[in-house]
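Step one of this worksheet: look at the structure below.
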Amino acid sequence: MNPDLDKNEKDDEKILPDGQDGSGPAESKPLKQMKCEDIQPMILDYLNRELSDAFSLLVREHIRKCPNCKAVATEMKATVDALKKADTASPDLAAKLSVERRNKIMDEVVGGHQYQWVYLAFFIVAVFIVVWSALRMLAEIYDWGYKPIKLPEDQMFEINLRPVNKGTNAPGISTVTNLPGTNIMEQTKP
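My numbering numbers the first residue of the sequence shown as 9 and each following residue consecutively.
Here it is in structure tokens:
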């Protein structure tokens, strides 16, 4: 075992001065040094004054001695200050904006989605037409269309759709044929 390594491990374990638990004020006893990796996560809490007195003293002393951590703390402070300034808008900002500009902003915020259903409906119809056209083309290519059923010769019979009398001059009945079960008769006057 290396005695220097054991000494560094013991120093790393001891963060607070003897007799401190981190909740009370720091005593005047010297603090053990912490590594930069341990201090840097606490810098933001230190800047926001969220650390106990003992940890605040530890971070403050480390920042004072370490140039890398001092640069990190300076950058974090500048960022926090910029964010605090950015949170509030100037009170006369609304007065500076013209009515047209305000309406345009509100339309973009509130009414930007009012016509999206039109585009969706157009897209659905376009897809339907493309699919229907493709199926029709495939039906023509592969002859998927209507195919008449071929009956055997003995079951075939001829259907004549013309009237038998071909419009003879039967009294009281016109050329419209009388179909069974319907009242499609026109009475003609003699």
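Note that the Cβ used here is the ideal one computed from N, Cα and C, for glycine as well.
1) Please report how far the alpha carbon of I137 lies from the alpha carbon of K158, in whole angstroms.
2) Between which two residues does the alpha helix (DSSP H) holding C44 run?
3) Need the endpoints of the alpha helix (DSSP H) that R72 sits in, please.
4) Can you give me the Cβ contacts of V57 inside the same chain, cut-off strictly under 8 Å, excluding the 5 residues immediately before and after it?
5) Considering only residues of the same chain and omitting the five flanking positions on each side of L52, which have a CB-CB separation below 8 Å?
6) Measure the alpha-carbon distance for A142 versus Y127 and round it to whole angstroms.
7) Should Y54 be labelled buried (16 or more other beta-carbon atoms within 10 Å of its own) or exposed?
8) Along the chain, where does the alpha helix (DSSP H) that runs through M145 open and close?
Judging by the given coordinates:
1) 33 Å
2) C44 to I47
3) D61 to K73
4) The amino acid at residue 57 is misidentified as Val; the sequence shows Arg. Result list for R57: S64, in chain order.
5) M84 and V88
6) 22 Å
7) buried
8) Q124 to Y150
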